[in-house]
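Presented below is the structure to which this report refers.
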Ligand code: PXL
């Protein structure tokens with residue numbers, strides 16, 4: 076089982092590839108990488124970070140892979156550094172996804188009702204096109220609203236989950252909305268063969284950088300191990316939440332990411348059960 080993770084390398088602030096690579100590999104499958112950008116830190120809360128767009132390298136990387144006859148059983152994409160990379164990801168999917176393989180898109184664009192630095196509505200429009208090609212999409216509430224063109228709600232309880240899933244689903248796309256805060260719970264809503272299912276864990280207040288990336292990596296790792304969507308959502312949610320609560324308890328500076336390393340053994344025990 077071979078997975079390709081397309082994401083940036085943020086050297087500090089555990090997210091993107093520094094999360095995808097260890098988590099997916101730990102699940103017991105090959106994780107190859109296509110880095111989209113190189114940053115000294117992620118863009119959420121650090122001042123003065125460096126940002127190198129790696130778009131120029133991607134065509135030659137893909138051409139070399141083609142000469143090797145490589146294909147992937149799962150391709151998962153996350154943070155993309157520019158609009159041109161959306162086309163590059165589609166190109167990679169068309170050329171390298173094995174027949175019957177799965178394409179997982181985490182449409183990383185924003186959080187808390189706001190776009191991250193470097194993104195605009197034009198990017199969101201193009202991201203929608205990428206999502207249409209995906210088998211699974213994993214937007215948070217902010218990204219789901221952008222993709223479905225619905226206003227960001229004052230309260231997550233007012234989120235029109237049914238309308239969003241309806242707009243984003245297709246014969247092959249399974250949408251899931253992550254991080255829906257409902258009182259003391261944090262829920263994932265996902266399309267489960269035409270009906271909407273909900274899986275909830277206890278909520279920890281505030282923003283935990285990189286937690287969406289931990290969820291996406293664990294979800295992808297579970298899929299790669301042959302788990303169904305419901306089991307993958309449950310295992311990935313519990314793993315992410317346990318790492319979040321550990322981080323909150325330790326009182327860490329949240330910009331540096333969550334303590335997923337200390338939860339990985341218990342996650343793998345459940346994955347391997
Ligand atoms: O965790 C999402 C993410 C990924 N990559 C970069 C980011 C962010 C969120 O801020 O800045 C570079």
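Residue numbers (this note's numbering): 76 to 348. Heads up, the beta-carbon is just placed ideally off N, CA and C, and yes, glycines get one too. Please read these numbers as outputs of a predicted model, since none were measured by experiment.
Residue i: CB within 7 Å of a non-hydrogen atom of the ligand PXL
i           : result
residue 114 : yes
residue 166 : no
residue 359 : Because the chain is modelled from 76 through 348, residue 359 falls outside the range shown and cannot be assessed.
residue 85  : yes
residue 211 : no
residue 123 : no
residue 331 : no
residue 288 : yes
residue 284 : yes
residue 183 : yes
residue 227 : no
Residue burial classification, residue i (beta-carbon count within 10 angstroms, cutoff 16)
i           : result
residue 86  : exposed
residue 160 : buried
residue 230 : exposed
residue 196 : exposed
residue 305 : exposed
residue 241 : exposed
residue 290 : buried
residue 194 : buried
Secondary structure of residue i, DSSP reduced to three states
i           : result
residue 163 : helix
residue 122 : coil
residue 255 : strand
residue 110 : strand
residue 138 : helix
residue 151 : strand
residue 157 : coil
residue 315 : helix
Candidates the options, of which the one nearest residue i by Cα
i           : options            : result
residue 284 : 173, 117, 101, 166 : 117
residue 280 : 100, 142, 340, 316 : 316
residue 218 : 250, 208, 313, 342 : 250
residue 179 : 298, 340, 105      : 298
residue 255 : 234, 173, 103      : 234
residue 211 : 264, 105, 171      : 264
residue 88  : 334, 273, 221      : 334
residue 246 : 133, 206, 336      : 206
residue 172 : 126, 151, 248, 268 : 151
Contact test: residue i Cβ vs the ligand NAP heavy atom, cutoff 7 Å
i          : result
residue 91 : Among the ligands in the structure shown, the ligand NAP does not appear; only the ligand PXL can be found there.
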